[in-house]
Amino acid sequence: MKVELQKLKKFILEAGLIEAKKFDEAMEESEKSKKGISEVLISKGLITEKELIKIEAYILGIPFINLEEEIIPLDVLKIIPETIARAHNIIAFNKKENNLEVAMLDPEDLRTIEFIKKAAPSLKILARLTTSEGIKNALAQYQETLETEFGDIMKSGAGGIKHIKIDESISGKKEELQKVAEEVSIIRVVDTLMKHAILQRTSDVHIEPLEKEVIIRYRIDGILHDVMSLPINTASGIVARIKVLSNLKLDEHRLPQDGRFKIETEDFKYSVRVSVLPVLNGEKIVMRLLAEDNKDYTLEDLGFAGLGLEKVRHSLLKTTGMVLITGPTGSGKTTTLYAMMGIINTTSVNISTVEDPIEYRMPRINQTQINDKIDLTFASGLRALVRQDPNIIMVGEIRDRETADLAINAALTGHLVLSTLHTTEAGGAIPRLIDMGTEPFLLSSTLNIIIGQRLVRKFYGDKEKYKLNAADLENLQKYCDMERIVNLLKEEKILKQKDTIKDLELYRPKPSKNSSSGYKGRIGIFEILSVNDAIKNLINKKASTVEITKQAIQDGMRTMAEDGFIKAAQGITSLEEVLRVIMD
Numbered sequence: 049m050k051v052e053l054q055k056l057k058k059f060i061l062e063a064g065l066i067e068a069k070k071f072d073e074a075m076e077e078s079e080k081s082k083k084g085i086s087e088v089l090i091s092k093g094l095i096t097e098k099e100l101i102k103i104e105a106y107i108l109g110i111p112f113i114n115l116e117e118e119i120i121p122l123d124v125l126k127i128i129p130e131t132i133a134r135a136h137n138i139i140a141f142n143k144k145e146n147n148l149e150v151a152m153l154d155p156e157d158l159r160t161i162e163f164i165k166k167a168a169p170s171l172k173i174l175a176r177l178t179t180s181e182g183i184k185n186a187l188a189q190y191q192e193t194l195e196t197e198f199g200d201i202m203k204s205g206a207g208g209i210k211h212i213k214i215d216e217s218i219s220g221k222k223e224e225l226q227k228v229a230e231e232v233s234i235i236r237v238v239d240t241l242m243k244h245a246i247l248q249r250t251s252d253v254h255i256e257p258l259e260k261e262v263i264i265r266y267r268i269d270g271i272l273h274d275v276m277s278l279p280i281n282t283a284s285g286i287v288a289r290i291k292v293l294s295n296l297k298l299d300e301h302r303l304p305q306d307g308r309f310k311i312e313t314e315d316f317k318y319s320v321r322v323s324v325l326p327v328l329n330g331e332k333i334v335m336r337l338l339a340e341d342n343k344d345y346t347l348e349d350l351g352f353a354g355l356g357l358e359k360v361r362h363s364l365l366k367t368t369g370m371v372l373i374t375g376p377t378g379s380g381k382t383t384t385l386y387a388m389m390g391i392i393n394t395t396s397v398n399i400s401t402v403e404d405p406i407e408y409r410m411p412r413i414n415q416t417q418i419n420d421k422i423d424l425t426f427a428s429g430l431r432a433l434v435r436q437d438p439n440i441i442m443v444g445e446i447r448d449r450e451t452a453d454l455a456i457n458a459a460l461t462g463h464l465v466l467s468t469l470h471t472t473e474a475g476g477a478i479p480r481l482i483d484m485g486t487e488p489f490l491l492s493s494t495l496n497i498i499i500g501q502r503l504v505r506k507f508y509g510d511k512e513k514y515k516l517n518a519a520d521l522e523n524l525q526k527y528c529d530m531e532r533i534v535n536l537l538k539e540e541k542i543l544k545q546k547d548t549i550k551d552l553e554l555y556r557p558k559p560s561k562n563s564s565s566g567y568k569g570r571i572g573i574f575e576i577l578s579v580n581d582a583i584k585n586l587i588n589k590k591a592s593t594v595e596i597t598k599q600a601i602q603d604g605m606r607t608m609a610e611d612g613f614i615k616a617a618q619g620i621t622s623l624e625e626v627l628r629v630i631m632d
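At position 417 of the sequence shown the residue is numbered 465 (the numbering used here), and the sequence of numbers has no breaks.
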C-alpha cells in the first residue's frame, strides 16, 4: 500500500498544515532531487515526521502507534529477531492471545510481514505505523541490562583475568599489560561499558579503583550514578585496554595522561576524550563522550525565549564586538556557542575557531584544535586566526590575559568574537576580565552581550502538582525577589492579574518505569546582560559584580533564578531542580 500523492496533498491542505504554494515548491524539489515528497517536506521543516506518518496512517487506514517512550516486554520484542528488526525497521510491541502487533516505517514491506508469518504461523500479524525515533527506541531495548551482560562476561572468563600489580619503581610491565589489554574478556568489558553508556545518554564514564573493587559511574543529565562494581583484578586490564584505544603509554602509571578515541557503529558515532589520573589504589579514568552526529540545536531548543532570545539574536547580527557565555564546567556553554554559529554560518562569512577540544564538527567552519605540547595555545592560535581573513572568530575559552587581550583586539578591528569564561554569573565576567589585566575602556568598547547559564533536568512523563506553602516561600526569599517573580509570572500570563504566588501551580517529578527519577534530558536557564551605556559606565569605574548585576536587573535582565522559576511554573522542570543548580 502506498499513499497517493494527490490524496496526501489534499489532506494536508484541507487540514491547513502547509500552504499550497509551499507544498508545490516541495513537489518541484522532490522531482528535481529524485527524493520522496515525505523526505522533502520533513527536511524543509514544513511538517514533522510524526505528523506526516499520522496522516499517512489515517489515509491508509492503518493505526499509528508512538513507540518513542514505550518500554516493550522483552519476550514480545524478541519474537522478531534483532537482525530482522534492524534490517527492515519492524518491531513486535504487543501480543494479545494470537494477535501480534508490529510497528513499521514502510507499509509496502509485505515481504517482511510474510517472513514473520512463516516464522510464527500461529500468530495473526497486525501492522501499525510508527516513527523512526520510535523504531530507534525499540531497537535499543534489545540490549541486555548492564548487570546481566557483565554477569555473562564474568562467567565466561573475566573472573580469571590476570591481575598485574604495578610496581611504581619500574613503571609497570609493558608486555604483560599489552597482553591483558588484548584479552577477549577485557575487550568485552570495555565494549559493554561504552555501549551501555551511550544507550543511557551518558556524558561521562568514571572508572574508579578502590581497595577491593572497581566502581563504574555514569554521569547522566548532570548527575553521577553508580552503575556497577567489578572485581579489583579487572582494574589493570581495563586501564590497559583504554590506554591502548587512546594511544597512551601503557607503562606510565605515575603521571596523568590525556588521549582520545572514536566509537562508530551503524547507529552512532562518538568521540571519547580520556583522562587518566594516578590515585591511591591505581589509576582513575574519566571518559567524556561527545556525539559527532549530534543534531543542530536552535537557541529555542536550548531554552532561550522571549526578550532574552531577541537580545541574543540582535547581538549576533552585529559584525563587531564580543559575545561572552559564562558558567561552570558542564553548564552547556560550548553547545550554546555552536548553536550561535549555526545561525550565523552563511556563505557570505568566514568563521574560524580555536578550541580545546573540538567537540562537534561543523560544515564550512574552520576549526583548530589547540595543542599545548607544540605551543599551539588559545593565544597563539588566535594570533594566527586574525591573519586568516575571518569575519567571525570563536575562542573556546578565555583563560589568561594574553588570550583576553587578543580577543578584544580582534573585536576592535572589525571581527565578531564569541567566547566563554568561567564565572558563576553574567555580571562576574567583567570584574574577572579586569582582574586578568584587561583595560576597562577596551572592555566597554567591545562587549556586546554576556550570557550566564546553567542546565536543569526536564520532566519526563507524568508530574505531580502542588502549591507553595509558607515554609517554601520563606526559603525562596533567599534566592529570589518574590514580588518581582509575581510580576514576571503575570507578564508571562502564567498568573492572572488578581492572583498571588500562593495561587501558582508548580510540579514535582513522578518516577515511572521509563525514568526512575522522573527527569530526562536538560534545558538551559539563562541571564542575559546587554552592555548598554549604564553598564559601560560601571565597567569604566571598575564596579563590582553586585553593582553590575543590580544595574542589569534595573535595565530589565532576568536572573537565572527568575528564568528557572518561570520554566518551573511552565511545567518544564521543578523548582527543586532550579535551586539545586543555582546553589552549586
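Cβ coordinates follow ideal geometry from the N, Cα and C atoms, glycine included.
Among the candidates N585, L503, L174, T178, whose CA atom is the shortest distance from the CA of G378?
Counted from its first residue, the sequence shown places residue 378 at position 330. Per the Cα distances, L503.
Straight-line CA distance for Q501 to V434?
Here residue 501 is taken as the residue at index 453 of the sequence shown, counted from 1. Here residue 434 is taken as the residue at index 386 of the sequence shown, counted from 1. Their backbone Cα atoms lie some 28 Å apart in a straight line.
Which residues in the same chain as E657 place their Cβ atom closer than 6 Å to its Cβ, once the five residues preceding and following it in sequence are excluded?
This structure leaves residue 657 out entirely; the chain is present only between 49 and 632.
Along the chain, which unbroken stretches of the beta strand (DSSP E) at least 3 residues long are found entirely within the stretch 211 to 290?
Segments of the beta strand (DSSP E) lying fully in the stretch 211 to 290: 250 to 257, 261 to 268, 271 to 279.
Give me whichever residues DSSP pairs with R321 in a beta bridge.
Taking the sequence shown and counting its residues from 1, the one referred to as residue 321 is at position 273. Per DSSP, R308, R336.
State yes or no: is the C-beta of F141 within less than 8 Å of the C-beta of A186?
In the sequence shown, counting from the first residue as 1, residue 141 sits at position 93. In the sequence shown, counting from the first residue as 1, residue 186 sits at position 138. In this structure, A186 lies closer than 8 Å to F141 by Cβ.
Mind checking which residues open and close the beta strand (DSSP E) that includes L577?
In the sequence shown, the residue the question calls residue 577 occupies position 529. Note, L577: beta strand (DSSP E), 567 to 578.
Compute the Euclidean distance between the alpha carbons of V322 and L337, then round it to the nearest angstrom.
Within the sequence shown, residue 322 is the residue found at index 274, counting from 1. Within the sequence shown, residue 337 is the residue found at index 289, counting from 1. Straight-line Cα distance between these residues: approximately 9 Å.
Could you give the residue range of the alpha helix (DSSP H) that holds E62?
As a working mapping, residue 62 is identified with position 14 in the sequence shown. Where E62 is concerned, the enclosing alpha helix (DSSP H) stretches over 53 to 62.
Could you tell me which uninterrupted alpha helix (DSSP H) segments, each at least 4 residues in length, are contained entirely in the stretch 145 to 189, listed from first to last along the chain?
Listed in chain order, they are 158 to 167, 180 to 188.
Nearest-angstrom Cα distance between I214 and G285?
By 1-based counting over the sequence shown, the position of residue 214 is 166. By 1-based counting over the sequence shown, the position of residue 285 is 237. For I214, the predicted structure reports a pLDDT of 47, less than 50, and the residue's modelled location is therefore unreliable. The matter cannot be settled from this model.
Looking only at C-alpha atoms, which of E97, N414, Y555, N535 sits nearest to I549?
Walking along the sequence shown from the start, residue 549 turns up at place 501. When only C-alpha atoms are compared, the closest one is N535.
Ignoring anything shorter than 4 residues, give me the alpha helix (DSSP H) runs that lie fully in the stretch 421 to 508, in order along the chain.
426 to 433, 449 to 460, 477 to 484, 488 to 494, all fully within the stretch 421 to 508.
Round the Cβ separation of K568 and K506 to the nearest angstrom and send it over; I've been treating them as touching at under 8 Å.
In the sequence shown, the residue the question calls residue 568 occupies position 520. In the sequence shown, the residue the question calls residue 506 occupies position 458. Indeed, because the Cβ distance is near 7 Å, the residues count as touching under 8 Å.
Quick check: what's the CA-CA separation for Y508 versus Q436?
On the sequence shown, position 460 is the one that residue 508 refers to. On the sequence shown, position 388 is the one that residue 436 refers to. Cα to Cα, Y508 sits roughly 46 Å from Q436.
Below 8 Å between beta carbons: does that hold for T374 and T451?
Looking up residue 374 in the sequence shown gives position 326. Looking up residue 451 in the sequence shown gives position 403. Their beta carbons are not under 8 Å apart, which means T374 does not touch T451 by this criterion.
Distance, Cα to Cα, R289 vs D483?
Residue 289 sits at position 241 when you count from the first residue of the sequence shown. Residue 483 sits at position 435 when you count from the first residue of the sequence shown. Roughly 44 Å between the two C-alpha positions.
Pairing CB atoms from the stretch 169 to 178 with CB atoms from the stretch 132 to 146, are three or more of them under 8 Å?
Cβ pair count under 8 Å is three or more, so yes.
Could you tell me whether the Cβ atoms of V579 and I497 are closer together than 8 Å?
Against the sequence shown, residue 579 aligns to sequence position 531. Against the sequence shown, residue 497 aligns to sequence position 449. Closer than 8 Å, so yes.
Can you tell me whether E145 is buried or exposed? The criterion is at least 16 other CB atoms within 10 Å of its CB, across all chains shown.
As a working mapping, residue 145 is identified with position 97 in the sequence shown. Looking at its Cβ environment, which holds fewer than 16 other Cβ atoms inside 10 Å, E145 is exposed.
Going by DSSP, what residue range makes up the alpha helix (DSSP H) through S400?
As a position in the sequence shown, residue 400 is number 352, starting the count at 1. Premise fails: S400 lies in the beta strand (DSSP E), 399 to 403, not in any alpha helix (DSSP H).
Output the distance between the C-alpha atoms of G475 and E610, rounded to the nearest integer angstrom.
Indexing the sequence shown from 1 puts residue 475 at position 427. Indexing the sequence shown from 1 puts residue 610 at position 562. Answer to the nearest angstrom: the Cα atoms are 15 Å apart.
Would the stretch 439 to 448 and the stretch 385 to 392 be scored as touching if the rule is three or more Cβ pairs under 8 Å?
At 8 Å Cβ cutoff, the stretches touch.
Using a threshold of 8 Å, state whether the C-beta atoms of V228 and I234 are closer than that.
Translated into the one-based positions of the sequence shown, residue 228 becomes position 180. Translated into the one-based positions of the sequence shown, residue 234 becomes position 186. Yes; because the gap between Cβ atoms is below 8 Å, this pair is in contact.
Here's the rule: buried if 16 or more other CB atoms are within 10 angstroms of the residue's CB, otherwise exposed. What is T394?
Looking up residue 394 in the sequence shown gives position 346. Classification for T394: exposed.
Are the stretch 324 to 333 and the stretch 456 to 463 touching by the rule of at least three beta carbon pairs closer than 8 Å?
As far as the Cβ criterion goes, the stretch 324 to 333 does not touch the stretch 456 to 463, which means the pair count is below three.
From K538, G619, A477, R556, pick the residue whose C-alpha is nearest to that of I571; which is it?
For this step, residue 571 is matched to residue 523 along the sequence shown. Among K538, G619, A477, R556, the Cα nearest to that of I571 is on G619.
Measure the beta-carbon distance from L177 to A105 and round it to whole angstroms, keeping in mind my assumption that it falls under 8 Å.
Translated into positions along the sequence shown, residue 177 becomes position 129. Translated into positions along the sequence shown, residue 105 becomes position 57. Indeed, because the Cβ distance is near 4 Å, the residues count as touching under 8 Å.
Given that a residue counts as buried once 16 or more other Cβ atoms are within 10 Å of its Cβ, and exposed if not, what is E256?
For this step, residue 256 is matched to residue 208 along the sequence shown. With 16 or more other Cβ atoms within 10 Å, it is buried.
The beta strand (DSSP E) spanning M370 covers which residue range?
Sequence index remark: in the sequence shown, residue 370 carries index 322 (1-based). Where M370 is concerned, the enclosing beta strand (DSSP E) stretches over 369 to 374.
Would R267 and S277 be called neighbours here (beta carbons separated by less than 8 Å)?
Counting from one through the sequence shown, the residue named residue 267 turns up at place 219. Counting from one through the sequence shown, the residue named residue 277 turns up at place 229. Not in contact: R267 and S277 (Cβ atoms no closer than 8 Å).
Per DSSP, what kind of secondary structure is I130 in: helix, strand or coil?
Taking the first residue of the sequence shown as position 1, residue 130 is located at position 82. Reading the sequence as shown, one finds Glu at residue 130 and not Ile. Note: E130 maps to helix in three-state DSSP.
Are there 16 or more other CB atoms within 10 angstroms of the CB of E130, so buried, or fewer, so exposed?
Your numbering for residue 130 matches position 82 in the sequence shown. By the neighbour-count rule (16 or more Cβ atoms within 10 Å), E130 is not buried but exposed.
Taking just the CA atoms, how far does S467 sit from T425?
Within the sequence shown, the letter at position 377 stands for residue 425. Within the sequence shown, the letter at position 419 stands for residue 467. In a straight line, the C-alpha of T425 is about 15 Å away from that of S467.
State the start and end residues of the unbroken beta strand (DSSP E) segment that holds N295.
Looking up residue 295 in the sequence shown gives position 247. That residue, N295, is in no beta strand (DSSP E); it is neither H nor E in DSSP.
What does DSSP give as the partner residues of F112 in its beta bridges?
Taking the sequence shown and counting its residues from 1, the one referred to as residue 112 is at position 64. Partner(s): L177.
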